[in-house]
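Written below as structure tokens is the structure these notes are about.
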Amino acid sequence: MSALRNGESAESAESADTGVDDDATDDGRGSSDPLVELADVEFGYTATPVVEDISLRIDPGEYVAIVGPNGSGKSTLMKLILGLLRPGEGTARLFGEPSHAFDDGARIGYVAQHASASKEMPITVREVVKMGRFPHVGFGRLSAADHRIVDEALATVGMTDFADRRVTKLSGGQRQRAFIARALAGEADLLVLDEPTVGVDAESVDAFYDLLEALNEEGITILLIEHDLGAVTDHARRVVCLNREVYFDGPTDEFVESDALARAFGTAASVAGGSGGGRA
Amino acid sequence: MIPVELFAALQAGPLDAVLAPVYWLLALWSDLLFAVGDATGLGFLDYRFMHRAILVGLCIGVMAPLIGTFLVHRQLALIGDALAHTAFAGVAVGLFLNGVFSLGVSPYLTAVVVAVIAALLIELISEATDAYNDVSMAIVLSTGFALGTVLISLNAGGLAVGINQYLFGNLSTVSAENAAILLVLFAVIVGTVALTRNQLLYVTFDETAAAVSGISVTWYNRVMVMLTALVVVGAMQIMGVILVAAMLVVPVAGAAQVSRSFSESLLVSVVLAELAVLLGIGASYYGEATAGGVIVLVAVGIYVVAVGIGTVRARAGEDAAAELGSIDSREA
Numbered sequence: 005m006s007a008l009r010n011g012e013s014a015e016s017a018e019s020a021d022t023g024v025d026d027d028a029t030d031d032g033r034g035s036s037d038p039l040v041e042l043a044d045v046e047f048g049y050t051a052t053p054v055v056e057d058i059s060l061r062i063d064p065g066e067y068v069a070i071v072g073p074n075g076s077g078k079s080t081l082m083k084l085i086l087g088l089l090r091p092g093e094g095t096a097r098l099f100g101e102p103s104h105a106f107d108d109g110a111r112i113g114y115v116a117q118h119a120s121a122s123k124e125m126p127i128t129v130r131e132v133v134k135m136g137r138f139p140h141v142g143f144g145r146l147s148a149a150d151h152r153i154v155d156e157a158l159a160t161v162g163m164t165d166f167a168d169r170r171v172t173k174l175s176g177g178q179r180q181r182a183f184i185a186r187a188l189a190g191e192a193d194l195l196v197l198d199e200p201t202v203g204v205d206a207e208s209v210d211a212f213y214d215l216l217e218a219l220n221e222e223g224i225t226i227l228l229i230e231h232d233l234g235a236v237t238d239h240a241r242r243v244v245c246l247n248r249e250v251y252f253d254g255p256t257d258e259f260v261e262s263d264a265l266a267r268a269f270g271t272a273a274s275v276a277g278g279s280g281g282g283r284a
Numbered sequence: 002m003i004p005v006e007l008f009a010a011l012q013a014g015p016l017d018a019v020l021a022p023v024y025w026l027l028a029l030w031s032d033l034l035f036a037v038g039d040a041t042g043l044g045f046l047d048y049r050f051m052h053r054a055i056l057v058g059l060c061i062g063v064m065a066p067l068i069g070t071f072l073v074h075r076q077l078a079l080i081g082d083a084l085a086h087t088a089f090a091g092v093a094v095g096l097f098l099n100g101v102f103s104l105g106v107s108p109y110l111t112a113v114v115v116a117v118i119a120a121l122l123i124e125l126i127s128e129a130t131d132a133y134n135d136v137s138m139a140i141v142l143s144t145g146f147a148l149g150t151v152l153i154s155l156n157a158g159g160l161a162v163g164i165n166q167y168l169f170g171n172l173s174t175v176s177a178e179n180a181a182i183l184l185v186l187f188a189v190i191v192g193t194v195a196l197t198r199n200q201l202l203y204v205t206f207d208e209t210a211a212a213v214s215g216i217s218v219t220w221y222n223r224v225m226v227m228l229t230a231l232v233v234v235g236a237m238q239i240m241g242v243i244l245v246a247a248m249l250v251v252p253v254a255g256a257a258q259v260s261r262s263f264s265e266s267l268l269v270s271v272v273l274a275e276l277a278v279l280l281g282i283g284a285s286y287y288g289e290a291t292a293g294g295v296i297v298l299v300a301v302g303i304y305v306v307a308v309g310i311g312t313v314r315a316r317a318g319e320d321a322a323a324e325l326g327s328i329d330s331r332e333a
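Taken in sequence, the protein lines are chains X and E. Numbering-wise, the first sequence is residues 5 to 284 according to our numbering. Numbering-wise, the second sequence is residues 2 to 333 according to our numbering.
Structure representation (structure tokens):
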């Protein structure tokens, strides 16, 4: 799949000498154009900014974790990156386009915190995973190839036997696996995961991070929003430590040795009364 | 003021041309039911108005739960009620125009226009305030109903006579023209849902992920409320303003009790709605009761049975043995 896509864009790059923007839209990987680029971004739901002065660049093939205490603006930052929110100041770009205008959903896989599907809607695991193919088929029907990809995604997360179960009847961890399978079925270039392992049992968490690593080695860019610092330092290659502004941005090794953690979380502890630091 | 000629043209020329093939279909349907009536000896099949009522009922049984499924699972069950009451204002506008300008515009056509405008208004309010809230819905609902009653009372005398049929619905007043309008609405609704089912499902289930996957949530929400307006007006003829929302909600709630998958729940809700419509029409004919009320009572009865079945199934714990596989990074 990814090899095919690279091949296609190599051809189009030869035929069209139109420069940087073309590369960015045709193929994020292998070129130096960033998938995500934030410049001096500030955002607040009210007059008080939730995040400010954020400049961030994520290149193809990276494995980046954004960490920070509760209320540090992690989820807001993720929404700015995905274009679900527009920055009050500064610019946010996704695959070279303004984030809010970017609409090629086939390039982004997204796993939300706590599977937003708490509704009592009758829907099976397979039907949820099939949604991952919707950006590829548009108004059309899923082809045999699409169904095969769905089956593979179910097998990858170990949910084949649960494919025809109602999602609302699953445990939190099982449900989260279904949502991860949906993101996998999308065959995206960029996976964005917001605290994906909350509610997942410890054994599966390790297997899950191994899976992310394998995907990253295939060339998929991974952006992880995480509260669990242990998981981050074990797996991510780059850490962005956030508490309203960026306290640290660099390789994981350097993050572990730096005092960014104490500074970022220390501030929050005094604000949030220490409630957020428990798992850190 | 809008020129009278426009309404005159609307009422006679293009509309009849558009509806001509639909009238032909209606005649065909009538012939079929006469034949069925002769073969089975069912007395109520001897009347053309019953043929039309049954056809309208069958259409309602498909389109109401079809749209209702998307509404109920977004906790938007109330929106049907709000739009039905604004559709009543639309009916009043139609009656008012007919009374003042002596036009023959079907009040259902003006109801379509007014309900669709109200639907967009509700949607725009919710976009501006970032939430569908009970309060704005209640305001739209009562504004619509108040506007309707005021317009009707302004023209009291000749007009007040026909109001019951819109409030409570009526089998015998489904004219050929109104049945034809409904068939057109039916085609638009089913066609739109068939085309956009992927997007509607994604937006209904998980709005944020749908937005990330490039679906314009705002746009599909607008489509959804407009379709709701069309369903409500279509179903109003038999169900009446006051009860029409029940058909959007009750069969869907029943289906959710017994279905596992989304596609199954769609199918089951349509089956339950058709059952309620046909039993209701039959019972109301022989029992000489208002069809809308009987249909809703039958639907609620079916819902109660579905809850019972759902509860028994849950106790039985049908899905006990499935094994959770391991997450396999080699297959990635």
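C-beta: ideal position from N, C-alpha, C; glycine also. Since this is a predicted model, take the numbers as computed values, not measurements.
| task | With 7 angstroms as the C-beta to C-beta threshold (strictly closer), list the residues of the region 67-89 of chain X near chain E in chain order. | result | L86, L88
| task | Have a look at L276(E) and T174(E) and give me their C-alpha separation to the nearest angstrom. | result | For the purposes of this step, residue 276(E) is taken as residue 275 along the second sequence, with counting starting at 1. For the purposes of this step, residue 174(E) is taken as residue 173 along the second sequence, with counting starting at 1. Roughly 22 angstroms between the two C-alpha positions.
| To which residues of the same chain is S143(E) closer than 8 angstroms at the C-beta, ignoring the five residues directly before and after it? | Position 142 of the second sequence holds residue 143(E). Contacts found: H86.
| query | So, using beta-carbon positions, are A240(X) and T256(X) closer together than 8 angstroms? | reply | In the first sequence, counting from the first residue as 1, residue 240(X) sits at position 236. In the first sequence, counting from the first residue as 1, residue 256(X) sits at position 252. Against a cut-off of 8 angstroms, the Cβ pair of T256(X) and A240(X) comes out as a contact.
| said: Quick check: A149(X) and A185(X), are their CB atoms within less than 8 angstroms of each other? | reply: One-based indexing of the first sequence puts residue 149(X) at position 145. One-based indexing of the first sequence puts residue 185(X) at position 181. Cβ distance not < 8 angstroms, so A149(X) and A185(X) don't count as in contact.
| Any residues in the region 267-279 of chain E with a beta carbon nearer than 7 angstroms to a beta carbon of chain X? Which ones, in chain order? | none
| Which value, in whole angstroms, describes the spacing of the CA atoms of F71(E) and L46(E)? | Position 70 of the second sequence, counted from the first residue, corresponds to residue 71(E). Position 45 of the second sequence, counted from the first residue, corresponds to residue 46(E). When rounded, the distance between both Cα atoms is 34 angstroms.
| A116(X) burial status per 10 Å Cβ neighbour count (16 or more: buried) | Residue 116(X) sits at position 112 when you count from the first residue of the first sequence. Classification for A116(X): buried.
| field | Which residues DSSP lists as bridging Y167(E), in chain order | value | For the purposes of this step, residue 167(E) is taken as residue 166 along the second sequence, with counting starting at 1. Beta-bridge pairing links Y167(E) to no other residue.
| said: For D329(E), would you say it is in contact with chain X, using Cβ-to-Cβ distances shorter than 8 angstroms as the test? | reply: On the second sequence, residue 329(E) is found 328 positions in, with the first residue counted as 1. True, the Cβ-Cβ gap to chain X drops below 8 angstroms.
| field | Residue-level contact to chain E via CB, Y114(X), 8 angstroms cutoff | value | On the first sequence, position 110 is the one that residue 114(X) refers to. Answer yes: the Cβ-Cβ gap between Y114(X) and chain E drops below 8 angstroms somewhere.
| message | With a threshold of 8 angstroms on Cβ separation, who are the neighbours of A212(E) within its own chain once the five nearest residues in sequence on each side are excluded? | response | Here residue 212(E) is taken as the residue at index 211 of the second sequence, counted from 1. If we look at A212(E) and ignore the five residues flanking it on each side, its Cβ neighbours are V218.
| message | Would the region 172-186 of chain X count as touching the region 198-215 of chain X if we require 3 or more Cβ pairs under 8 angstroms? | response | yes
| request: Counting only runs of 3+ residues fully inside the region 261-329 of chain E, write out the beta strand (DSSP E) ranges in chain order. | output: none
| request: Using a Cβ cut-off of 8 angstroms (strictly closer), state whether I216(E) contacts chain X. | output: The residue given as residue 216(E) occupies position 215 in the second sequence. Answer yes: the Cβ-Cβ gap between I216(E) and chain X drops below 8 angstroms somewhere.
| Member of T111(E), V92(E), V204(E) whose CA lies at the smallest distance from the CA of N165(E) | As a working note, residue 165(E) is residue 164 in the second sequence. Ranking T111(E), V92(E), V204(E) by Cα distance to N165(E) puts V92(E) first.
| query | Under 8 angstroms, do L246(X) and I224(X) count as touching if we go by C-beta distance? | reply | On the first sequence, position 242 is the one that residue 246(X) refers to. On the first sequence, position 220 is the one that residue 224(X) refers to. For L246(X) and I224(X), no; Cβs fall outside 8 angstroms.
| query | Just reading off the alpha helix (DSSP H) that I224(X) is part of, what are its end residues? | reply | Along the first sequence, one-based indexing puts residue 224(X) at 220. Unbroken run through I224(X): none, as it is neither H nor E.
| Which parts of the region 209-252 of chain X are runs of the alpha helix (DSSP H), unbroken and 4 residues or longer, counting only runs that do not cross its ends? | 233-239
| field | Where the beta strand (DSSP E) through G94(X) begins and ends | value | The count along the first sequence starts at 1 and reaches residue 94(X) at position 90. 93-98 is the span of the beta strand (DSSP E), which, as asked, contains G94(X).
| What is the rounded straight-line gap between the Cα of A28(X) and the Cα of D232(X)? | Residue numbering aside, residue 28(X) sits at position 24 when the first sequence is read from its first letter. Residue numbering aside, residue 232(X) sits at position 228 when the first sequence is read from its first letter. With a pLDDT of 40 at A28(X), under the threshold of 50, the modelled position of that residue is not reliable, and no figure is offered here.
| field | Burial state of A292(E), where buried means 16 or more other Cβ atoms lie within 10 Å | value | Here the question's residue 292(E) lines up with position 291 in the second sequence. Answer is buried; the Cβ neighbour count reaches 16.
| field | Environment of A230(E) [buried if 16+ CB atoms lie within 10 Å] | value | Within the second sequence, residue 230(E) is the residue found at index 229, counting from 1. Flag for A230(E) reads buried.
| message | Within a Cβ cutoff of 8 angstroms, which residues of the same chain sit near T237(X), ignoring the five residues on either side of it in sequence? | response | Counting from one through the first sequence, the residue named residue 237(X) turns up at place 233. Within the same chain, T237(X) has close Cβ partners V243, T256, F259, V260.
| query | Nearest CA to the CA of E324(E): which residue from F212(X), A218(X), G162(X), L215(X)? | reply | Looking up residue 324(E) in the second sequence gives position 323. Answer by Cα proximity: G162(X).
| field | Beta-carbon proximity of I310(E) to V259(E), cut-off 8 angstroms | value | On the second sequence, residue 310(E) is found 309 positions in, with the first residue counted as 1. On the second sequence, residue 259(E) is found 258 positions in, with the first residue counted as 1. Their beta carbons are under 8 angstroms apart, which means I310(E) touches V259(E) by this criterion.
| query | Quick one: does I62(X) have its CB under 8 angstroms from some CB of chain E? | reply | Here residue 62(X) refers to the residue found at position 58 when the first sequence is read from its first residue. No, because no Cβ of chain E sits closer than 8 angstroms to the Cβ of I62(X).
| message | By the 7 angstroms beta-carbon criterion, what residues does the region 68-97 of chain E contribute toward chain X? | response | H74
| message | Along the region 161-173 of chain X, where does the CB come closer than 8 angstroms to a CB of chain E? Name the residues. | response | Listed by position, the residues of the region 161-173 of chain X near chain E (Cβ gap below 8 angstroms) are V161, G162, M163, T164, D165, F166, D168, R169, R170, K173.
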